[in-house]
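Heads up: the structure comes next, in structure tokens.
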Amino acid sequence: MFERIERVPGDAILGLIEAFKQDPNPEKVDLGVGVYRDAHGNTPVLASVKKAEKRLLDNERTKSYIGSHGDPEYGRAILSLVLGAHSPVLAADRASATQSPGGTGALRLAADFIRSQLPGKSVWLSDPTWPNHLGIFEAAGINIERYPYVSDDNRLDFKGMRDCLASIPEGDVVVLHACCHNPSGFDLNAEQWQEVLEIVKRRKLLPLIDFAYQGFGDGLEDDAYGARLLAENLGEAIITSSCSKNFGLYRERTGCLIMVAQDSEQMQNVRSQIAITARENYSNPPAHGAAIVSEILGDEALRAEWEEEVTGMRDRINSLRHDFVEALRPHGLSERFAFIRDQRGMFSYTGLSPEQVDRLRDEFAIYMVRSGRANVAGLAADKLDYVARAIASVVD
Ligand code: PMP
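The sequence shown begins at 127 in the numbering used here and counts up one residue at a time.
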């Protein structure tokens, strides 16, 4: 039977990683891969995570199943991190948390829920978006539509987005990036979130807020502005949260699906359906990453240490954004690329064409995705001038 199976090309980013590894050029720079990098180009285990793991090793008493919703303590900690410790949504007991295998697992749970419980509803994704959004919703058998997000001249196309959302059929699902939009780095400001809220309310849409980078934009609280605004002012919302980036737990697969309903009763109904979806997909989520997060968030000293580490990662990215624009100044390009300073999160749409990206790779061993998306965290302070010079030579 298998002789008829066709081989499909691998993930473009994996190909990029391989090509980077093989490149003998000592100056090479990897701006492709989607993980945080420190000043030495490493993605280390956070000190707070190491400490929590030591405690877990000593204190863990069982490896028995943890149930389809995962660890309740983790669920409570994530609800409070995402919605705020004093959230009226939590006070009304209308939000449910389900521990999931990463943000991806939370998205797949949400997709399966939409497919089975809200049949016929389409999901609207920003154009562009994280490519796996397309894969996840498609795999769940959901019709996908797109709304504009980035204009041809590489700016946030808020007008295009707003006009499109205002014409979406009632009851459809709109996927919004809570902060640090992947791949563009363009985020909504408070006023724009308010407008989105009004449209979602008026058109009776269901927002699905993908929250994969809490703490990487402007801070743990500030980054939650849009997610909290929508959860507090709408009867229903879905939030998918990830601990991959802010806890550096990528391979531990640690995420959470938050379902916000009108009231406690409806929330429990929805929650019961999510348990079935989880059971049918993977039964129980992996425990280790979530146990680390509970340990950190539940301990004042560890939590403070973690918050400092998140601040360190965020500050590094934001200073690199600033310093990179400065490095472009001698080439007369600081105005043209000033938007890089204002974008948020690890990624930047640089506005470079696929041909320019190819030239950066072939002539300078600088690797990034052909869409022109660069991982800012992949820049090292001592590479800024080199990359600025390379960009100057390909844009002329
Ligand atoms: N959403 C977005 C927008 C992302 O960029 C990512 C990670 N690349 C995820 C969700 C999921 O991350 P994970 O499954 O690793 O938690």
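Yeah, the Cβ is synthetic: ideal placement off N, Cα and C, and Gly gets one too.
Selection from the options that minimises the alpha carbon distance to residue i
| i | options | result |
| --- | --- | --- |
| E421 | I192, D137, Q148, I204 | I204 |
| S310 | T380, V451, S390, D279 | D279 |
| H195 | G504, F450, N407, Q469 | N407 |
| D389 | L360, G458, Y376 | L360 |
| N372 | V386, R429, L323 | R429 |
| W432 | G352, L207, R328 | L207 |
| L454 | A516, V301, N185 | A516 |
| R328 | N168, A316, R288 | R288 |
| S545 | I492, S409, L375 | The chain is shown from 127 up to 522; residue 545 falls before or after that span and cannot be answered. |
| L486 | N151, L140, P135 | N151 |
| L291 | N315, R281, S277, E321 | E321 |
| E179 | P480, E378, S460, L478 | E378 |
| I262 | R234, D298, L282, R281 | R234 |
Residues sharing a beta bridge with residue i, DSSP
| i | result |
| --- | --- |
| F342 | Note: F342 sits in no beta bridge, so no partner. |
| N501 | F473 |
| V299 | V249, L332 |
| A363 | V386 |
| R272 | L251 |
| L282 | V276 |
| F463 | Answer by DSSP bridge pairing: none, since F463 is not bridged. |
| S222 | M385 |
Residue i - DSSP class collapsed to helix/strand/coil
| i | result |
| --- | --- |
| D156 | strand |
| I492 | strand |
| F312 | coil |
| S398 | helix |
| F128 | helix |
| G381 | strand |
| F337 | strand |
Separation of residue j from residue i, as counted between CA atoms
| i | j | result |
| --- | --- | --- |
| K509 | V502 | 12 Å |
| V171 | T437 | 15 Å |
| E435 | I466 | 23 Å |
| T169 | D184 | 26 Å |
| D164 | V155 | 13 Å |
| S409 | G193 | 8 Å |
| A236 | P257 | 17 Å |
| V134 | L260 | 17 Å |
| G141 | R496 | 12 Å |
Cutoff 8 Å: residue i Cβ touching any chain C Cβ
| i | result |
| --- | --- |
| R281 | No chain C appears in this structure, which consists of one protein chain only. |
Original post:
Do the segment 364–371 and the segment 330–339 make contact, defined as three or more Cβ pairs closer than 8 Å?
Top reply: yes
Original post:
Does the segment 412–427 come within contact of the segment 390–402, defined as at least 3 CB pairs closer than 8 Å?
Top reply: As far as the Cβ criterion goes, the segment 412–427 does not touch the segment 390–402, which means the pair count is below three.
**OP:** Indicate whether the contact test is met: 3 or more Cβ pairs, each with one atom in the segment 217–227 and one in the segment 240–259, closer than 8 Å.
**Re:** no
Subject >> Any 3 or more C-beta pairs closer than 8 Å across the segment 364–383 and the segment 222–238 >> reply: yes
Original post:
Is the segment 256–272 touching the segment 233–244 in the sense that three or more CB pairs, one from each, lie closer than 8 Å?
Top reply: yes
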